[in-house]
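Residue numbers for the sequence shown, in our numbering: 52 to 421. Notes follow once the structure below has been shown.
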Amino acid sequence: MAWPIVQINTLNLMQGPVNEVERHFLYVGLGTKNAGSLLSVNTQSDFSALLDDGSELKANVEAAMLNAGQNWTAGVYILTAPENWVEAVKTAQQTQSFEAVVLTAPTTDKATVTAAQALYHELIAKYGRWTFMMLATPGIDKKTQTWSEYEVATVAIQDTIAADGVMLVPQIFPDAIGKLAGRLCNRAASIADTPMRIKTGPLVGDVTLPVDSAGAELTTATLQTLESNRFSVPAWFPDYDGIFWADGRLLDAEGGDYQVIEYRRIIDKVARRIRLIAISDIGDRSFNSTPASTARAQNRYCRPLREMAKSATVGEVVFPGEIETPSSGDITIVWENKNSVGIYMAAQPKDCPKKITANLMLDLSNPGDK
52 MAWPIVQINT
62 LNLMQGPVNE
72 VERHFLYVGL
82 GTKNAGSLLS
92 VNTQSDFSAL
102 LDDGSELKAN
112 VEAAMLNAGQ
122 NWTAGVYILT
132 APENWVEAVK
142 TAQQTQSFEA
152 VVLTAPTTDK
162 ATVTAAQALY
172 HELIAKYGRW
182 TFMMLATPGI
192 DKKTQTWSEY
202 EVATVAIQDT
212 IAADGVMLVP
222 QIFPDAIGKL
232 AGRLCNRAAS
242 IADTPMRIKT
252 GPLVGDVTLP
262 VDSAGAELTT
272 ATLQTLESNR
282 FSVPAWFPDY
292 DGIFWADGRL
302 LDAEGGDYQV
312 IEYRRIIDKV
322 ARRIRLIAIS
332 DIGDRSFNST
342 PASTARAQNR
352 YCRPLREMAK
362 SATVGEVVFP
372 GEIETPSSGD
382 ITIVWENKNS
392 VGIYMAAQPK
402 DCPKKITANL
412 MLDLSNPGDK
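What follows is the structure, encoded as structure tokens:
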């Protein structure tokens, strides 16, 4: 005979939401106030009390807040010396996760760029955190440089480097990198949107164009030269009010998949979500090679893609999702042996018009001829 037993187990199927890392950036720069500290800031923070007045760091953090708008949050790490920035980023990982690191101290050499790319991969390896790097490069020295000389000096910083997790932003304005970082965090736009998007609005803050040693004002010719060399720069249109931005360029090699920031952000977001699902599946025998289990797994792993693909339509206005809706061919599961499984997935970005050509013609036919 058996003793009557009833046992109730509450099961955790790992179906809940995850914390959003996207749009939460870490700003790193020089200062004396709160030196060596990681500060959590938002739109309510008093930056005059937290950061040095007149510092590059304060100017760029304030620019980021203004261009990001509502619900902006960030981390700010104050350095005592620029060479300590890599260790500062590692220290900040103990407290918070970030989508990007913004180094406001100007980068003048290739060593800093390659260190940033190495850090991008180190954070993935150590913490499973995909964090792209934004590095400021110097603005023009209007006392000694012409625009031609500035172009040569600036382009040399990235020459021959392939770094698909690094973005270089010339300080065309004293707070240019802050303006761009804030634009990327603006919740009126998607992480899948290019900073080129005009409907995001013009840059907020002072956009007085700089001049060189000869008194010549910055022109789009210089900006186009920098952009063609993989720098992220402002942009504008003749006889159209406002200063905007060009593409968000990364230092990926020519022909690479991650030459623009929106593709980097899309795949990094997918990676964060898929990692959590994969961890929860470790050792779970309900995930196996049977057709029914494979179908369930395909549905489970495609969940982040379906969520990212959701769009909305109001009247005739469409608010697109971050990617195209996944199809059955966008995921394949291959069991290599009894204990090792490979999952192959594709996320397809939506089309984006960065070049528009309008061809116009006259219709000179008579109404009576129709």
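Here a beta-carbon is modelled for each residue, glycine too, at the ideal position from N, C-alpha and C. The model shown is predicted, which means the values in this text are computed figures rather than measured ones.
Beta-bridge partners assigned by DSSP to phenylalanine 282: Leu219. Membership of serine 344 in the alpha helix (DSSP H) is indicated by the continuous run 342-352. Residue ranges of uninterrupted beta strand (DSSP E) with 3 or more members, entirely inside the region 99-165 and ordered along the chain, are 124-130, 151-154. Looking only at Ala343, Ala213, Thr245, the smallest Cα-Cα distance to arginine 281 is reached by Ala213.
Leaving aside the five residues that flank serine 88 on each side, the residues in its chain whose CB is nearer than 7 Å to its CB run, in chain order, Ile129. The continuous beta strand (DSSP E) containing tyrosine 78 extends over residues 76-81. Cα atoms of asparagine 388 and tyrosine 395: separation of roughly 16 Å, rounded to the nearest angstrom. Going by beta carbons, glycine 229 and alanine 132 fall outside the 7 Å limit.
For the pair alanine 110 and isoleucine 312, the Cα-to-Cα distance works out to about 23 Å. Rounded to the nearest whole angstrom, the CA to CA distance from threonine 195 to leucine 415 is 58 Å. Exclusion of the five residues before and after alanine 119 leaves Gly233, Cys236, Asn237 as the residues of its chain whose Cβ lies within less than 6 Å of its Cβ. When beta bridges are read from the DSSP output, tryptophan 296 appears opposite Pro285. With a cutoff of 7 Å on beta-carbon distance, alanine 286 and alanine 297 are scored as near each other. Beta bridge pairing from DSSP links proline 225 with no other residue. Under the three-pair Cβ rule at 8 Å, the region 241-258 does not count as touching the region 178-187. When only Cα atoms are considered, aspartate 160 and isoleucine 208 end up about 5 Å apart.
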